[in-house]
Amino acid sequence: GLTRMCTRCLNNSNLLNILFAALLLNSSTVSAFTSRPPSSHSYQHKNNLKMISNVVIAIAMEAEASPFVNHLNLQPDTSFFPSQTPFHAFTGKHGNCNLTVVTNGKDVVHDTGVDNVGTVPAAVATFLTLQKMSLEDNAAHLLINAGTCGGFKRKGAEIGDVFLTTAVANHDRRIPIPDFVPYGVGRIASTSVENLASHLDAKLGVCTTGNSLDFHEVDSQHMIDNDASVKDMEAAAIAWASETWNVPHFGVKVVTDIVDGDKPTQEEFFENLGTAAQSLQEALPKVIDFVCDKKHDEL
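Those letters in the sequence shown? Residues -32 to -1, 1 to 267, by mature numbering (1 follows the signal peptide of the UniProt record, and there is no 0).
Next up, the structure:
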């Protein structure tokens, strides 16, 4: 009987939605899942009072990371991640700061060999990084998500602009059930970096995240609702993983393409990727110089 009922429901999306909602409201079904852990937003990041000396830089693509890694002569740490993962870590010092650069590596699951872009590898790589450093009593004081992004001309973005994030959110996690809407959007504030923005003459804005390079009209409205200045494929996931370990975080994003412009996104992205990676390599040492040996409220 249940099989026949489910088959009929699958043929009717409205009935399926009703069934799902009923299950959520059934206390006997969800009673085991009602307890909630303490909210990460109910307390101040414990690292906010420390001088910044351990910094993680999470970068999705190899082409984005290589100029910075080479410029600072950071060395690969092949034992940093479990051998089953495709991720890479590079470590070293810059001034008084210990740096750990983490990249998502290449796709081995689908055997394409392309960069592991998107939220899943970004979240896993970030989580494992912060977990390892915490277990080794070498906890990260700050996480910087660095990389390229699309920019919105309606928010004043131009090719090559450097943006520092004020917050992140998702534009493609659409869950139209009231209690799930805030979770789907997943808005997370970045640590305040207004002084750094002034120092770099960088722009500030919200980064909206989705798992597609292009977008559809329904995404466009969510990006507007998110008040997005820039768009990427990892920032919200990296912020989420950082929150689970109570590590302050923000993004440094260089614009490669104009989302609401006339050129196809993929063409503009590859056309400007090399230039943007170079801009990132020039900006990141200045970022590290500024944040190192400061407290978070000085950023």
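Glycine residues also receive a C-beta, built at the ideal position from the N, C-alpha and C atoms.
DSSP, read as helix, strand or coil, puts L181 in coil. Distance from the CA atom of E162 to the CA atom of D79, rounded to whole angstroms, is 42 angstroms. Going by DSSP, V88 is part of the alpha helix (DSSP H) stretching over 87 to 103. Residue pairing for A157: DSSP places it in a beta bridge opposite A135. Of all C-beta pairs linking the segment 96 to 103 to the segment 178 to 197, fewer than three are shorter than 8 angstroms, placing the two stretches out of contact. Counting of Cβ neighbours within 10 angstroms places E126 among the exposed residues, the total staying below 16. With contacts defined by Cβ atoms closer than 8 angstroms, T87 and A204 form a contacting pair.
DSSP, reduced to helix, strand and coil, places D45 outside both helices and strands of the structure shown, so it counts as coil.
Contact annotation: H109 and T159 have beta-carbon atoms that are not nearer than 8 angstroms. The alpha carbon of V255 has as its nearest neighbour, out of H62, E32, S188, the alpha carbon of H62. Cα atoms of A209 and N179: separation of roughly 16 angstroms, rounded to the nearest angstrom. Contact between the segment 149 to 156 and the segment 220 to 233 is absent: fewer than 3 CB-CB pairs across the two stretches fall below 8 angstroms. Per DSSP, the beta-bridge partners of G119 are V198, I226.
Under the criterion of beta carbons closer than 8 angstroms, A137 and T176 qualify as touching, at roughly 5 angstroms.
DSSP places G242 in the helix class (H, G or I) of the three-state scheme.
A direct Cα-Cα distance of roughly 13 angstroms separates V85 from V77.
Rounded to whole angstroms, the Cβ separation of A251 and V220 is 6 angstroms, and the two are in contact under 8 angstroms.
Under the three-state reduction of DSSP output, D83 falls in the strand class. Relative to the Cα of V198, the nearest Cα in the group H139, H56, N64, N214 belongs to H139.
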